[in-house]
Amino acid sequence: MKEIDFTRGRPAANLVRFGLPVLAANLLQSVDQIVDMLVVGAFVGEAGVASLSNATMVGFVVNSFALGLSVAATVLVSRALGSRDPSGASRAECAALLSAAAVAAAAGSLLFVFPTPLYSFLGVPGGALPNSVAYARVWTLGLPASFLVSTAGASLRARGDSRTPTALSVVVAVINCAGGIALVPVCGVAGTAWSSTVASFAAAWLSVAALHRSRGCQSPMVPLRRDFRDLWSIAAPAVFQQVLVNLSYLAITSMTNAFGLEVAAGAGAATKANTLGGMPVWSIGQAVSAAASRCDAAGDRARAEAYVRAGTAISLVATAFVVIPVQLFASDLVALFARVPDSISAGVAYLRACCSVNAFAYAVAYVLGSFEQATGAARLSAACSVMESVVVRLGLSAALVPVSGFYGILAGQALSPFPPLAVGIAYLFGYHAARRAGGSRHRAD
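Each position in the sequence shown, counted from 1, maps to that position plus 132 in this note's numbering.
Right, here's the structure in full:
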């Protein structure tokens, strides 16, 4: 598999070549989740949709650790390759894989033992609680494999290979969709967890094997203590950032549960459609992170900036292609997952507020956040998440709910991307000024 050299060629073309396979992988994952929701809605009903929505939000919080480690692996491997240090890249990969396995085992054990108190605390509606607990106990069994897939995929993408992780996503999607369709009628919501667990173990074995092949004749390097220190110096702020974001969404889900099963189901269904709006942005953000890390490490800061400009433009165009159809067909999209009129109304209101103008602000903010992490400002990116998740999304929602009810939650979510956007723009201007003051070895294409 030919790897992309981010230090050469046109930045926009490199981002598209790298980002399209990543987008395909994200879309496959979303299709997988949508199929799960459709099957659960058909065989279990509104209670099943609500339980799967709550279980998924808890899963997002746990997966924050995998995402943080993936960010660190991407940055460190890209930096090592940009500095022409293949041994350092191999050590970073091994440190990330070992950390992923350890963290997944610890987190999975806790969730396996205490799912009922957790979901009770979140206020999951009584009709949805047993299904949420059953899903969690099965899903945690495959958590170590899922973490390994995420970390190995990030390492492959840092090496410029975004096609292999996409191919593995096809394997996961096929196994999970087929398994969900076969098992949900028999096992209920837990059937989707069983298919996900089997798919994760298959993909983990293939991912690690592909990463080993990408090194060629080089054997894996045993990581040193400093490799773990470097890994967690980036992973810890990234994990903190992702945990805050997903905890805020989990808190929002808990607040939404208070409005009843129908509203919870409608909001959960709308979240699936809203996720489509973020997928192109996440794909380009990963590409910008890998590209900017390598260019910055190579001393070509002008080219790193060029990737930000190209990534921002591509993300805005891609977001428009998602937001416009979602706004035009919001009712039809929600009706795919929910049949009760109150659920459909709640889901449409969610999409009108949360997949609109704010999606464009989120697109730019995400690219800038990826650039911050890639160029050594991981703590700043984490601070932005505090503003976005705690101050605006959660704080404003909590303040408005007594006055506006469910619509107060939507207002908090709709306004949350704007503070990180402002900080990201300021950071980019500062980076540009520092480059102009210190000079740059190359000029961007």
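Cβ atoms here follow ideal geometry from the backbone N, Cα and C, with glycine treated the same way.
Item to check | Residue nearest to Ala401 in terms of C-alpha spacing, selected from Ser162, Ser185, Pro153, Gly177 | outcome: When Ser162, Ser185, Pro153, Gly177 are compared, the shortest CA-CA separation from Ala401 is found for Ser185.
Checklist entry - Starting from Glu520 and walking both ways along the alpha helix (DSSP H), at which residues does that stretch end? => result No alpha helix (DSSP H) holds Glu520; DSSP gives it neither H nor E.
Next on the checklist: Between which residues of its own chain and Gly409 is the CB-CB distance below 7 Å, once the five residues before and five after are set aside?
Outcome noted: Scanning its chain for C-beta atoms nearer than 7 Å, with the 5 sequence neighbours on each side dropped, one finds around Gly409 the residues Thr451, Val454, Val455, Val458, Cys487, Ala491, in chain order.
Checklist entry - What do you get for Pro549, buried or exposed, if any count of 16 or more other CB atoms within 10 angstroms of its CB means buried? => result Under this definition Pro549 is a buried residue.
Checklist entry - By Cβ distance below 7 Å, which residues in the same chain neighbour Ser328 in space, the five residues on each side in sequence not counted? => result Answer for Ser328: Trp271, Gly274, Asn308, listed in chain order.
Item to check | 7 Å Cβ cutoff met for Asn378 and Phe197 | outcome: Against a cut-off of 7 Å, the Cβ pair of Phe197 and Asn378 comes out as no contact.
Checklist entry - Helix, strand or coil: which one does DSSP assign to Arg345? => result Note: Arg345 maps to helix in three-state DSSP.
Checklist entry - How big is the Cα-Cα spacing for Ala144 and Ala436? => result Each residue's Cα considered, the two are about 12 Å apart.
Checklist entry - Leaving out five residues before and five after Glu394 in sequence, what residues of the same chain have Cβ atoms less than 6 Å from its Cβ? => result Once the five neighbours on either side are set aside, the close Cβ partners of Glu394 are Val472, Asp474, Ser475.
Item to check | Helix, strand or coil at Gly258 [DSSP, three-state] | outcome: For Gly258, the secondary structure class from DSSP, reduced to helix, strand or coil, is coil.
Checklist entry - Taking buried to mean at least 16 other C-beta atoms within 10 Å of its own C-beta, is Leu199 buried or exposed? => result Buried is the call here.
Checklist entry - Of all Cβ atoms in chain B, is any one closer than 7 Å to the Cβ of Val304? => result Of the chains in the structure shown, none is chain B; there is only one protein chain.
Checklist entry - Terminal residues of the continuous alpha helix (DSSP H) containing Ser162? => result Following the DSSP letters along the chain, one finds Ser162 inside the alpha helix (DSSP H) bounded by residues 143-175.
Checklist entry - When you compare each of Val303, Pro247, Phe372 to Cys516 by their alpha carbons, which one comes out closest? => result When only C-alpha atoms are compared, the closest one is Phe372.
Checklist entry - Around the C-beta of Pro276, are 16 or more other C-beta atoms found within 10 angstroms, so that it is buried, or is it exposed? => result Counting Cβ neighbours within 10 Å, Pro276 comes out buried, since at least 16 surround it.
Item to check | Cβ-based burial, Ile366 [other Cβ within 10 Å; buried from 16] | outcome: By the Cβ-count criterion, Ile366 is buried, with 16 or more other Cβ atoms from all chains shown falling within 10 Å of its own Cβ.
Checklist entry - In three-state DSSP terms, what is Ser572? => result At Ser572 the pLDDT is 46, less than 50, meaning the model places this residue with poor confidence; the figure from the coordinates comes in the next sentence. Note: Ser572 maps to coil in three-state DSSP.
Item to check | Three-state secondary structure assigned by DSSP to Asp293 | outcome: Coil.
Next on the checklist: Quick test of your reading: Val518 and Leu553, contact by CB under 8 Å. State the CB separation rounded to the nearest angstrom.
Outcome noted: Not quite, the Cβ-Cβ distance comes to about 15 Å (not below 8 Å), so this is no contact.
Checklist entry - Under the three-state reduction of DSSP, which class applies to Val472: helix, strand or coil? => result The DSSP-derived three-state label of Val472 is coil.
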